[in-house]
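Chains as they are written, first to last, in this note's numbering: chain W, 2 to 295; chain B, 2 to 263; chain V, 39 to 340. The C-beta atom is built at its ideal place from N, Cα and C for all residues, glycine as well. See structure below.
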Amino acid sequence: MSEAAAVEVENLTKVFRLGVMRSAFVAVRDLSLRVQPGEVYGLIGPNGSGKSTTMKVILGLLEPDQGTSRIFGSSSLRVESRREVGFLPENPYFYKHLTGRETLHFYGRLCGLRGSELREREQEMLALTRLEDAAERRVAGYSKGMLQRLGLAQALIHQPRLVVLDEPTAGVDPEGSRMIRDLILSFKERGLTVLVTSHLLEQMQEVCDRVGIMARGRMVKEGPLEELIAVENQTEMVLENATPELLAEVRVAVARHAGASIVRSGHPRTTLERLFLENTVENTAAASSEPHEE
Amino acid sequence: MRGKKLAVLLLLGFGLLKLPMERAVSARLNQAELLSPFASLELRENLDQTAFAAVLGGLRSLVASVTYMRAYIAFEDGFWAEVDRLYALTTRLQPRNVAYWDEAAWQMAFNAASHYLHDKGTREYTRGALYQQYIDRGIEILREGLRYNPDSPRLWGALGDIYARRKREPLPAAEAYLKAEADGGPAYYQRLAAYQLLQAPDRESWVKAYELLRATYDAGKKFPSVIDGLHELERRLKIPPDQRIPEKASEKKAPSVGPMAP
Amino acid sequence: MKNKAPAPQPARGGHLSRILTLAGATVTQLLRMRILVFLLVVCVLMVAFGFGFPVSSPEQKLKLLKDATFGTLQIFSLVLAVAATALLLPRDVEDRTLYTILSKPVPRVDYLLGKYLGVIFLIGAGLIILDVVLSGLVYFQQQALLQGTEAMLRSEGAPEDEILQQLAQVQRVGLTWSMHAATWAIFLKAAVVTALALLISSFASSTLFTMVSTFLVCVLGQGQELIREYLFHGSFSVTMEKVVALLLAIALPDLRLFDIVDNVIAGQSVTWGAMASITGAALLYVVGYLVVAQVVFSEKEL
Ligand SMILES: Nc1ncnc2c1ncn2[C@@H]1O[C@H](COP(=O)(O)OP(=O)(O)OP(=O)(O)O)[C@@H](O)[C@H]1O
Ligand SMILES: [Mg+2]
Numbered sequence: 002m003s004e005a006a007a008v009e010v011e012n013l014t015k016v017f018r019l020g021v022m023r024s025a026f027v028a029v030r031d032l033s034l035r036v037q038p039g040e041v042y043g044l045i046g047p048n049g050s051g052k053s054t055t056m057k058v059i060l061g062l063l064e065p066d067q068g069t070s071r072i073f074g075s076s077s078l079r080v081e082s083r084r085e086v087g088f089l090p091e092n093p094y095f096y097k098h099l100t101g102r103e104t105l106h107f108y109g110r111l112c113g114l115r116g117s118e119l120r121e122r123e124q125e126m127l128a129l130t131r132l133e134d135a136a137e138r139r140v141a142g143y144s145k146g147m148l149q150r151l152g153l154a155q156a157l158i159h160q161p162r163l164v165v166l167d168e169p170t171a172g173v174d175p176e177g178s179r180m181i182r183d184l185i186l187s188f189k190e191r192g193l194t195v196l197v198t199s200h201l202l203e204q205m206q207e208v209c210d211r212v213g214i215m216a217r218g219r220m221v222k223e224g225p226l227e228e229l230i231a232v233e234n235q236t237e238m239v240l241e242n243a244t245p246e247l248l249a250e251v252r253v254a255v256a257r258h259a260g261a262s263i264v265r266s267g268h269p270r271t272t273l274e275r276l277f278l279e280n281t282v283e284n285t286a287a288a289s290s291e292p293h294e295e
Numbered sequence: 002m003r004g005k006k007l008a009v010l011l012l013l014g015f016g017l018l019k020l021p022m023e024r025a026v027s028a029r030l031n032q033a034e035l036l037s038p039f040a041s042l043e044l045r046e047n048l049d050q051t052a053f054a055a056v057l058g059g060l061r062s063l064v065a066s067v068t069y070m071r072a073y074i075a076f077e078d079g080f081w082a083e084v085d086r087l088y089a090l091t092t093r094l095q096p097r098n099v100a101y102w103d104e105a106a107w108q109m110a111f112n113a114a115s116h117y118l119h120d121k122g123t124r125e126y127t128r129g130a131l132y133q134q135y136i137d138r139g140i141e142i143l144r145e146g147l148r149y150n151p152d153s154p155r156l157w158g159a160l161g162d163i164y165a166r167r168k169r170e171p172l173p174a175a176e177a178y179l180k181a182e183a184d185g186g187p188a189y190y191q192r193l194a195a196y197q198l199l200q201a202p203d204r205e206s207w208v209k210a211y212e213l214l215r216a217t218y219d220a221g222k223k224f225p226s227v228i229d230g231l232h233e234l235e236r237r238l239k240i241p242p243d244q245r246i247p248e249k250a251s252e253k254k255a256p257s258v259g260p261m262a263p
Numbered sequence: 039m040k041n042k043a044p045a046p047q048p049a050r051g052g053h054l055s056r057i058l059t060l061a062g063a064t065v066t067q068l069l070r071m072r073i074l075v076f077l078l079v080v081c082v083l084m085v086a087f088g089f090g091f092p093v094s095s096p097e098q099k100l101k102l103l104k105d106a107t108f109g110t111l112q113i114f115s116l117v118l119a120v121a122a123t124a125l126l127l128p129r130d131v132e133d134r135t136l137y138t139i140l141s142k143p144v145p146r147v148d149y150l151l152g153k154y155l156g157v158i159f160l161i162g163a164g165l166i167i168l169d170v171v172l173s174g175l176v177y178f179q180q181q182a183l184l185q186g187t188e189a190m191l192r193s194e195g196a197p198e199d200e201i202l203q204q205l206a207q208v209q210r211v212g213l214t215w216s217m218h219a220a221t222w223a224i225f226l227k228a229a230v231v232t233a234l235a236l237l238i239s240s241f242a243s244s245t246l247f248t249m250v251s252t253f254l255v256c257v258l259g260q261g262q263e264l265i266r267e268y269l270f271h272g273s274f275s276v277t278m279e280k281v282v283a284l285l286l287a288i289a290l291p292d293l294r295l296f297d298i299v300d301n302v303i304a305g306q307s308v309t310w311g312a313m314a315s316i317t318g319a320a321l322l323y324v325v326g327y328l329v330v331a332q333v334v335f336s337e338k339e340l
C-alpha cells in the first residue's frame with residue numbers, strides 16, 4: 002500500500018524555555034518515528050523522557066523547534082490533520098460544570114457530529130467506557146478513573162482512524178485496565194492505528210506491534226516488538242511432531258559443537274520490562290552515574 | 002517568539018490608527034454633551050479615594066447621587082455649612098444637571114436663610130446678616146450654574162424667584178424671568194416678569210409690563226391677576242379708554258399665577 | 039486490514055457551528071457558576087438602595103433610581119467581562135481542558151471567538167434583563183411623578199399648554215429611548231474590556247494574573263485623559279515615564295468614550311450619529327484586540 006504513514010515524526014527537537022532567564026531545556030532531541038496504518042505503536046520510557054511532549058507535537062498542541070510531524074501525510078500544524086485523530090491526554094480534565102453526557106455532546110459537536118447520530122455515539126461511548134450510570138452527573142464529581150474513561154470516550158466519539166493515548170490506564174482499576182487493553186486489541190482488529198504510552202509494560206507487550214523506547218528525550222531503541230524482545234545470540238526453533246528420539250539427536254548434535262548449548266526449550270523471550278530496564282537504566286546511569294531505581 | 006513580536010507591532014500600529022478615531026469620537030460626543038468634563042483638580046481634592054475611583058470608573062452620576070443624599074441628610078439635621086459643601090461637591094460632579102444647582106440655591110437662599118432669620122439662639126444683628134449672606138450664596142450658586150448651563154430656563158426662573166421673593170429687587174427678578182421664558186421656559190415666566198415690573202418705580206418698566214400683560218391677555222389667558230394688573234397699569238399709564246380692556250371680563254375664580262418650581 | 043476505516047470525511051460543521059458550540063459551553067459553564075444569582079442579589083440590593091433613601095423631590099428620586107440601577111448595570115457588565123474571561127481561558131490551560139479541545143479539528147481562532155462570544159452573549163443577556171427591569175421601575179416612578187405634577191398643576195389652575203410643557207419636562211428625565219442607548223454603550227464598553235481580557239489571558243498563564251492586569255488596564259483605560267494630560271502638559275522633556283505613558287496611550291482603549299450614561303440620566307438625548315460613532319469605536323477596539331489576541335494565542339505553547 003502506498004498510503005502515507007499514520008504518524009510520521011522526523012528529526013523532532015523540542016526545547017522548553019523556562020523561567021525569567023529563558024534557560025533552555027531540551028525535552029525531545031532529534032526523534033524520528035513512523036507509525037504505519039493499522040499498527041499499534043507503544044512508546045515507553047521513564048518519567049520525563051519526553052513521551053507526552055512528543056504526543057503533543059504530533060497533535061499540534063506544541064510547535065516543534067526542529068523537524069516535522071505529520072498525520073496521514075498532513076502536517077500537524079494544520080487543523081485538518083486532526084480531523085481523524087482521537088487524543089486522550091494524560092490526566093485529562095473537562096469542564097466540570099458539564100455532565101458526562103454533555104461533555105461527550107460538546108466534543109462530538111466540535112467534531113462536526115449532529116442530531117441523532119451524535120446522540121447514538123454518545124450512548125455508545127458511555128456504554129463502551131461503562132460510564133452509563135454516571136452519565137448525568139457533573140464531571141466535577143468524577144473520580145480519577147472515571148475521568149480517564151470519559152477521556153477515552155471523548156477521544157473515540159468521532160470514530161477516528163488514529164487514536165493517540167497517553168497513559169490510558171493511569172488510575173484505572175484492574176478491570177478497567179483490562180477493558181482498555183481489550184479495546185486496543187479490538188482497534189487493531191478493526192484496522193485502526195494506535196499510538197500509546199503506558200508504564201504497564203506487561204500490557205504493552207500484549208498489545209503492541211511495535212515499540213519505541215525513549216530516555217532523556219531520545220529514542221534509544223525502536224522496532225517491531227517481536228524482534229526487540231527476541232534474544233539476538235539465541236535461536237529459536239519451533240518443531241512440530243518432534244519425537245523424543247529426534248530431540249535427543251539434536252542435543253547430541255549441539256553437544257558436538259564447542260561453545261554451543263541448549264539453554265532451555267520453550268519460548269526464548271525476554272520480557273519487555275527487562276528490555277526497558279536494560280535500555281533506559283543503562284542510559285541514564287551512563288549520563289548521571291548515580292544508581293537508578295527504575 | 003515571532004508571534005509575540007508581530008503582536009506587539011500590531012498593537013502599536015493599531016494603537017496609532019485608533020488615536021485619531023478616539024479624538025473624533027470624543028469631540029463628537031462632547032459636542033452632543035454626552036461626555037462629562039473630566040474630573041477637575043478641585044474635584045479630585047474634595048472627593049475621597051473610593052469616590053474618585055468610582056468617578057473615574059464611569060459611576061460619576063451615582064457618586065453625585067450619594068453626595069446629594071448626604072447633603073439632604075445634612076439638611077434634615079440643619080448643618081448648613083455641610084449642606085453647602087456637599088451640594089457644591091454634587092454640582093461640581095454633575096454641573097450639567099440643573100436640578101442640583103436649583104436645589105442647592107434653594108437650600109441656601111430659602112431654607113438656610115429662613116433658618117437663621119428665625120434662629121432664637123443667634124443675636125438679632127447677626128441673624129439679619131446671616132439671612133442676607135445665605136440669600137447671596139444662593140444667587141452665587143445659580144450664577145455659577147448658569148455658567149455651565151447658560152440657557153437653562155429653570156435656573157433663570159430660580160434666580161428670578163430669589164430676586165423677587167427674597168431680595169425684593171423687581172428689576173433683576175424681571176430680567177431673569179424674561180430670560181427664562183425666552184430660553185423656552187413655561188409661558189408663566191412672562192407673567193411673573195410683568196408682575197415684577199409692575200412693582201418697579203419707573204414708568205419705563207410699567208410700559209414693558211403693560212406690553213407683556215396685554216400680549217398674555219390677547220392670547221386668551223384672561224386670568225384675574227392679569228386683568229387686575231392691566232387695570233392698574235391702564236390707570237398708571239393713562240391709556241385712552243377705548244384701548245382699555247373691558248371691566249369685569251373674568252369668569253374664573255382667582256387662581257394663582259401658576260405653579261412655582263420649588 | 040479487515041475493516042478499512044471510512045475514507046476521510048469531507049469537512050463537517052463550519053467555523054460558525056464550532057464557535058457556537060464553544061460559546062454555548064461557555065454560557066452553560068458561567069450559568070452553572072451561579073453568576074445570574076449573584077446578579078439578581080446585586081440587582082435587588084441596588085433597587086432597594088434606589089428606593090429606600092430620603093430625597094426631597096420625586097425628580098431626585100427618579101434620578102437616584104436610575105443612578106443605582108445603571109450603576110448595577112455597569113458594575114455587573116465589567117465584573118463579568120473581567121472575571122468570566124479571566125476564569126475561562128487561563129482555567130482551560132491550567133486544567134488542561136484545552137488539550138482535548140484543540141486536539142479536535144478546532145482552529146484556535148474558533149476557540150478564541152467561541153469564548154469571546156459566550157462571555158459577550160451572557161453580558162448582553164444580563165444587560166437586556168436588567169434594562170427591562172430598570173425600564174419598568176423608572177416607568178413606574180415616572181408615572182407617579184407625572185400624576186403628582188399634573189394634579190398639582192391642575193389644582194393651581196394652570197393652562198393646558200403649560201401643563202403639557204411641564205409634563206414633557208418630567209418625561210425628559212423619565213424613561214427615554216436614550217436610556218437604552220446608554221445600556222448599549224455599557225454593553226459596548228464591556229465588549230471592549232472582554233476583548234482586552236482575552237488578549238491578556240492569551241499570553242498570561244494564571245487566572246489571578248489575568249484578572250489583576252485586566253483590572254489595571256481598565257483603570258488606565260478609564261484614565262486615558264489623565265495619561266494624555268500628563269503627556270502633553272508640563273515639560274516636553276523625554277523621560278522614561280513619558281515613554282511609558284505614550285505607549286499606554288497608544289495601546290490602551292479610551293474607555294471613557296463609552297461613559298455617556300451620566301448625561302443620559304440627566305436627560306440628554308443620544309443621537310443616531312453618536313450611537314454610530316461609539317459603536318464604530320467599540321468595533322474597532324474589539325477587532326483590533328481580538329486580532330492581536332489571536333496572533334499571540336496561535337503560537338501559545340500549551
Ligand atoms: N510545558 C512545559 N514547560 C517546560 N518543561 C516541560 C513542559 N512540558 C514538559 N516539560 C519537560 O519536558 C520533559 C519531558 O516531559 P514529558 O511530559 O514529555 O515526559 P513523559 O515522558 O510524558 O513523562 P511521564 O512518564 O512522567 O508522563 C520533562 O522533563 C518535563 O519537565
Ligand atoms: Mg507523560
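- Name, in chain order, the residues that DSSP records as bridge partners for L34/W. Here residue 34/W corresponds to residue number 33 of the first sequence, with the count starting at 1. V10/W, per the DSSP bridge assignment.
- Item | Neighbourhood of A261/W by C-beta, 7 Å cutoff - its chain only, sequence neighbours within 5 removed | Against the first sequence, residue 261/W aligns to sequence position 260. V255, listed in sequence order.
- Query: Are T232/V and A124/V close, meaning C-beta to C-beta below 8 Å?
  - Reply: The sequence position of residue 232/V within the third sequence is 194, counting from 1. The sequence position of residue 124/V within the third sequence is 86, counting from 1. Cβ atoms of T232/V and A124/V: not closer than 8 Å.
- Item | Anticipated Cβ contact below 8 Å, P145/V with S239/V, distance rounded | Walking along the third sequence from the start, residue 145/V turns up at place 107. Walking along the third sequence from the start, residue 239/V turns up at place 201. Not confirmed; about 18 Å, so no contact.
- Task: State yes or no: is the C-beta of H116/B within less than 8 Å of the C-beta of G79/B?
- Result: For the purposes of this step, residue 116/B is taken as residue 115 along the second sequence, with counting starting at 1. For the purposes of this step, residue 79/B is taken as residue 78 along the second sequence, with counting starting at 1. Closer than 8 Å, so yes.
- Item | Backbone CA spacing between L1/W and G46/W [nearest angstrom] | Nothing in the structure corresponds to residue 1/W, since chain W is present only between 2 and 295.
- Go ahead and label T244/W buried or exposed: buried means 16 or more other beta carbons lie within 10 angstroms of its beta carbon, across all protein chains shown. Working through the first sequence from its first residue, we reach residue 244/W at position 243. So T244/W ends up on the exposed side.
- Item | Residue from M215/W, R219/W and E227/W with nearest C-alpha to V208/W | Taking the first residue of the first sequence as 1, we reach residue 208/W at position 207. When only C-alpha atoms are compared, the closest one is E227/W.
- Query: In whole angstroms, what separates the C-alpha of R296/W from that of G192/W?
  - Reply: No answer is possible for residue 296/W: the residues shown for chain W start at 2 and end at 295.
- Item | Cutoff 6 Å; reference D148/V; Cβ partners in own chain excluding five residues on either side | Counted from its first residue, the third sequence places residue 148/V at position 110. Here the set comprises H53, R56 and I57.
- Query: For P143/V, which residues in chain W fall below 8 Å Cβ to Cβ?
  - Reply: Working through the third sequence from its first residue, we reach residue 143/V at position 105. In chain order: V80, E81, R83, R84, L111, C112 and G113.
- Query: If you compare alpha carbons, which of K153/V, D105/V and P291/V is closest to F335/V?
  - Reply: In the third sequence, counting from the first residue as 1, residue 335/V sits at position 297. Answer by Cα proximity: K153/V.
- Task: Using a cut-off of 7 Å between C-beta atoms, extract the partners of Y94/W located in chain V.
- Result: What you label residue 94/W is simply residue 93 of the first sequence in a count that begins at 1. The answer, in chain order, is D133, R134 and T135.
- Item | Proximity test, N1/W beta-carbon vs ligand 1 heavy atom, cut-off 7 Å | The shown model of chain W, from 2 to 295, leaves out residue 1/W, and the question about it has no answer.
- Message: Check whether chain V comes within 8 Å of Y42/W, counting only Cβ atoms and requiring the distance to be less than that.
- Response: On the first sequence, position 41 is the one that residue 42/W refers to. Not an interface residue.
- Does I362/V come within less than 8 Å of chain W when only Cβ atoms are used? The question about residue 362/V has no answer here: the residues shown for chain V are numbered 39 through 340.
- Taking N98/B as the query, report the chain V residues whose CB atoms sit under 7 Å from its CB, ordered along the chain. As a first step, residue 98/B is located in the second sequence; it is residue number 97 there, counting from the start. In chain order: A304.
- Query: Between E188/V and chain W, is there a C-beta pair that is closer than 8 Å?
  - Reply: One-based indexing of the third sequence puts residue 188/V at position 150. No, its Cβ sits nowhere closer than 8 Å to a Cβ of chain W.
- Task: Would you mind reading off the limits of the beta strand (DSSP E) that contains L216/W?
- Result: What you label residue 216/W is simply residue 215 of the first sequence in a count that begins at 1. Residue 216/W is actually Ala in this sequence, not Leu. Counting along the chain, the beta strand (DSSP E) containing A216/W begins and ends at R211 to A216.
- Item | Inter-residue Cα distance where the pair is L60/W and L36/B | Taking the first residue of the first sequence as 1, we reach residue 60/W at position 59. Taking the first residue of the second sequence as 1, we reach residue 36/B at position 35. Straight-line Cα distance between these residues: approximately 51 Å.
- Query: Is L116/V close to chain W, meaning its C-beta is less than 8 Å from at least one C-beta of that chain?
  - Reply: The residue given as residue 116/V occupies position 78 in the third sequence. No, L116/V lies away from the interface with chain W (no Cβ there is under 8 Å from its Cβ).
- Evaluate the contact criterion for the segment 306-315 of chain V versus the segment 99-111 of chain B: three or more CB pairs, one atom per stretch, below 8 Å. No: the two stretches stay apart, fewer than three of their Cβ pairs being nearer than 8 Å.
- CB contact check: L234/B to chain V, cutoff 8 Å: If you number the second sequence from 1, residue 234/B lands on position 233. No, L234/B does not count as interfacial toward chain V.
- Query: Based on the DSSP output, what are the partners of E223/W in its beta bridges?
  - Reply: The residue you call residue 223/W lines up with position 222 of the first sequence. Answer is G213/W, bridged to E223/W.
- Query: Cβ of L295/V less than 8 Å from any chain B Cβ?
  - Reply: Position 257 of the third sequence, counted from the first residue, corresponds to residue 295/V. For L295/V, the answer is yes, since a Cβ of chain B falls inside 8 Å of its Cβ.
- Message: Which of the three DSSP states is assigned to H268/W in this structure?
- Response: Here residue 268/W refers to the residue found at position 267 when the first sequence is read from its first residue. Confidence is the limiting factor: at H268/W the pLDDT is only 47, short of 50, which leaves the residue's position unreliable, though a coordinate-based value still follows. Correct three-state label for H268/W: coil.
- P187/B: contacting residues in chain V (beta-carbon distance under 7 Å): Position 186 of the second sequence, counting from 1, holds the residue named residue 187/B. Residues of chain V passing the Cβ test: E200, Q203 and Q204.
- Could you give the residue range of the beta strand (DSSP E) that holds V195/W? In the first sequence, the residue the question calls residue 195/W occupies position 194. First-last of the beta strand (DSSP E) with V195/W: T194 to T198.
- Message: Please determine whether the Cβ atom of K52/W lies at a distance below 7 Å from any heavy atom of ligand 4.
- Response: The model on display carries ligand 1 and ligand 2 but not ligand 4.
- Contact list for the segment 70-86 of chain V against chain W, Cβ threshold 9 Å: R70 and M71
- Query: Under 8 Å Cβ-Cβ, which residues of chain V neighbour P90/W?
  - Reply: Here residue 90/W is taken as the residue at index 89 of the first sequence, counted from 1. Going along chain V in sequence order, the residues near P90/W (Cβ under 8 Å) are R134, Y137, T138 and S141.
- Environment of F270/V [buried if 16+ CB atoms lie within 10 Å]: Walking along the third sequence from the start, residue 270/V turns up at place 232. Exposed is the call here.
- Task: With 9 Å as the limit, tell me which residues of the segment 55-79 of chain W have their beta carbon closer than that to any beta carbon of chain V; keep them in chain order.
- Result: K57, L60, G61, L62, L63, E64 and F73
- Query: Distance, Cα to Cα, L136/V vs E203/W?
  - Reply: In the third sequence, counting from the first residue as 1, residue 136/V sits at position 98. In the first sequence, counting from the first residue as 1, residue 203/W sits at position 202. Straight-line Cα distance between these residues: approximately 31 Å.
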